[in-house]
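Going left to right, the sequence shown walks through residues 54 to 114 as our numbering numbers them.
Below is one structure; the comments refer to it alone.
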Amino acid sequence: MGAPRKTTERNTVPFITWRDADGTEISANVAAGTNLMRAAVDAGVQGIHGDCGGALACAPI
Numbered sequence: 054m055g056a057p058r059k060t061t062e063r064n065t066v067p068f069i070t071w072r073d074a075d076g077t078e079i080s081a082n083v084a085a086g087t088n089l090m091r092a093a094v095d096a097g098v099q100g101i102h103g104d105c106g107g108a109l110a111c112a113p114i
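Pasting the structure below:
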């Protein structure tokens, strides 16, 4: 067995900022592993419908 690894891991929550076309910003703490589309909808970001749950199944090609 090797020596134990040193870790600098911290329990942090990502802080996300969304910026719309006119420069308005909405920021939120988002738990690691959270779907960013769902986080945006939950934070009140306008223009994100999320009809297909963030799987891009309904995205225009």
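Using N, Cα and C, we set each Cβ at its ideal position, and we do this for glycine too.
Small disclaimer: the values here were computed from a predicted structure and weren't measured.
Segments assigned alpha helix (DSSP H), at least 4 residues, entirely inside the region 56-105: 89-96
Any beta carbon from chain B within less than 9 Å of G106's own beta carbon? Among the chains of the structure shown, chain B does not appear; only one protein chain is present.
Rounded straight-line distance, which links the Cα of E78 to that of V66: 19 Å
Under 8 Å Cβ to Cβ from W71, same chain only, skipping five residues before and after it: list those, please. Non-local beta-carbon contacts of W71 in its own chain, meaning distances under 8 Å to residues more than five positions away in sequence, involve E78, I79, S80, A93, A96 and V98 in chain order.
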